[in-house]
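Trainee:
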Amino acid sequence: MRRLEISAGFSDAERQRFHNLLQLAADSPFEGERVNALAAATRLAARFGLTLDEAAAGGSQHEPPPDFERGDAHMADDIGFRPESLDRFARAAHLMDTFIYDDKARREAAIRAAQARGLDADELRRSIAGTTVKWRAKSRRMNPNRHATMLLRETSLSFNEIASITGLNIYQIVGLKLKLRQGHSN
1 MRRLEISAGF SDAERQRFHN LLQLAADSPF EGERVNALAA ATRLAARFGL
51 TLDEAAAGGS QHEPPPDFER GDAHMADDIG FRPESLDRFA RAAHLMDTFI
101 YDDKARREAA IRAAQARGLD ADELRRSIAG TTVKWRAKSR RMNPNRHATM
151 LLRETSLSFN EIASITGLNI YQIVGLKLKL RQGHSN
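Per full-length UniProt numbering, residue 1 is the first one in the sequence shown, and the count goes up by one each step.
In structure tokens, the structure reads:
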């Protein structure tokens, strides 16, 4: 009797069971038994991702390629970089550097031209300083020590929370709390 060669996914016991189910489906005189044996064989094949015909023929018709280790030389291919795209990236980065260099050169030329027209160094400093944004303390912002004192008196916030709200460190907050307990005034 010829033994079926089934996909390597089947163990010997499963291979024998599949063979017996197919033989029962082919030779049984009872229709219900044939249908059930065929259904069981189909389920067994489906468990390994095979159709009934593929499992009976000895495995999948479309075997996946075997996994193999790739070296570091193929890493760029594996993550989607191609040499031509790397060249494009390098050219783009070089162009960005060129644009920055050209902008700096234009700025220097404009400053030299302005100085040649009579712009003095003080005016130049004021014009440059006018373009930068200075951080200004908000006039409506409360004094941090006073704010912390008020929070210590009127809330049940923790020292860490008060420190994060006021911008003081934890030691300053604890010092304020101790002064409040001793009856000192600010």
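Yeah, the Cβ is synthetic: ideal placement off N, Cα and C, and Gly gets one too. Model, not experiment: these values are computed from the prediction.
If you compare alpha carbons, which of M150, S156, S164 and A57 is closest to L176?
Mentor: Stepping through the sequence shown from its first residue, residue 176 is reached at position 176. Closest by alpha carbon: M150.
Trainee: Under three-state DSSP, which class holds T51?
Mentor: For the purposes of this step, residue 51 is taken as the residue at position 51 of the sequence shown. Three-state result, T51: coil.
Trainee: Where do the N-terminal and C-terminal ends of the alpha helix (DSSP H) with P29 fall, by residue?
Mentor: Numbered from 1 along the sequence shown, position 29 holds the residue referred to as residue 29. Where P29 is concerned, there is no enclosing alpha helix (DSSP H), given that its DSSP letter is neither H nor E.
Trainee: Taking C-beta to C-beta, are A55 and F18 nearer than 8 Å?
Mentor: Reading the sequence shown from its first residue, position 55 is the one you call residue 55. Reading the sequence shown from its first residue, position 18 is the one you call residue 18. Their beta carbons are under 8 Å apart, which means A55 touches F18 by this criterion.
Trainee: CB A119 to CB A148, shorter than 8 Å?
Mentor: For the purposes of this step, residue 119 is taken as residue 119 along the sequence shown, with counting starting at 1. For the purposes of this step, residue 148 is taken as residue 148 along the sequence shown, with counting starting at 1. For the record, residue 119 in the displayed sequence is Leu; it is not Ala. No, the Cβ-Cβ distance between L119 and A148 is not below 8 Å.
Trainee: Quick one: what's got a C-beta closer than 6 Å to L24's C-beta in the same chain, skipping five residues either side?
Mentor: In the sequence shown, counting from the first residue as 1, residue 24 sits at position 24. Excluding residues within five positions, the ones whose Cβ falls inside 6 Å are A37.
Trainee: Within the continuous alpha helix (DSSP H) that includes G175, where are the two ends?
Mentor: Reading the sequence shown from its first residue, position 175 is the one you call residue 175. Run containing G175: I170 to Q182, per the alpha helix (DSSP H) assignment.
Trainee: Here's the rule: buried if 16 or more other CB atoms are within 10 angstroms of the residue's CB, otherwise exposed. What is A26?
Mentor: Translated into the one-based positions of the sequence shown, residue 26 becomes position 26. So A26 counts as exposed.
Trainee: Measuring alpha carbon to alpha carbon, tell me which residue in N145, V174 and R34 is nearest F159.
Mentor: On the sequence shown, position 159 is the one that residue 159 refers to. The shortest C-alpha separation from F159 is found at V174.
Trainee: Alpha carbons only, please: which of E14, S28, A57 and E154 is nearest the one belonging to R43?
Mentor: In the sequence shown, residue 43 corresponds to position 43, counting from 1. Cα-wise, what sits closest to R43 is E14.
Trainee: Count the other CB atoms within 10 Å of the CB of F99; is the residue buried (16 or more) or exposed (fewer)?
Mentor: By one-based count along the sequence shown, residue 99 stands at place 99. Exposed, because fewer than 16 other Cβ atoms sit within 10 Å of the Cβ of F99.
Trainee: Are there 16 or more other CB atoms within 10 angstroms of the CB of I162, so buried, or fewer, so exposed?
Mentor: For this step, residue 162 is matched to residue 162 along the sequence shown. Burial call: buried.
Trainee: Rounded to whole angstroms, what's the CA-CA distance from A110 to S164? Just pull it up for me.
Mentor: Locating residue 110 in the sequence shown gives position 110, where the first residue counts as 1. Locating residue 164 in the sequence shown gives position 164, where the first residue counts as 1. Rounded to the nearest angstrom, the two C-alpha atoms are 46 Å apart.
Trainee: CA-CA distance, A121 and A113?
Mentor: Residue numbering aside, residue 121 sits at position 121 when the sequence shown is read from its first letter. Residue numbering aside, residue 113 sits at position 113 when the sequence shown is read from its first letter. So the alpha carbons of these two residues sit roughly 13 Å apart.
Trainee: Using only the alpha-carbon positions, how far apart do Q115 and M96 sit?
Mentor: Numbered from 1 along the sequence shown, position 115 holds the residue referred to as residue 115. Numbered from 1 along the sequence shown, position 96 holds the residue referred to as residue 96. Taking the straight line joining both Cα atoms gives about 29 Å.
Trainee: Compute the distance between the beta-carbons of L152 and L180, then report whether it is under 8 Å.
Mentor: Indexing the sequence shown from 1 puts residue 152 at position 152. Indexing the sequence shown from 1 puts residue 180 at position 180. Their beta carbons are under 8 Å apart, which means L152 touches L180 by this criterion.
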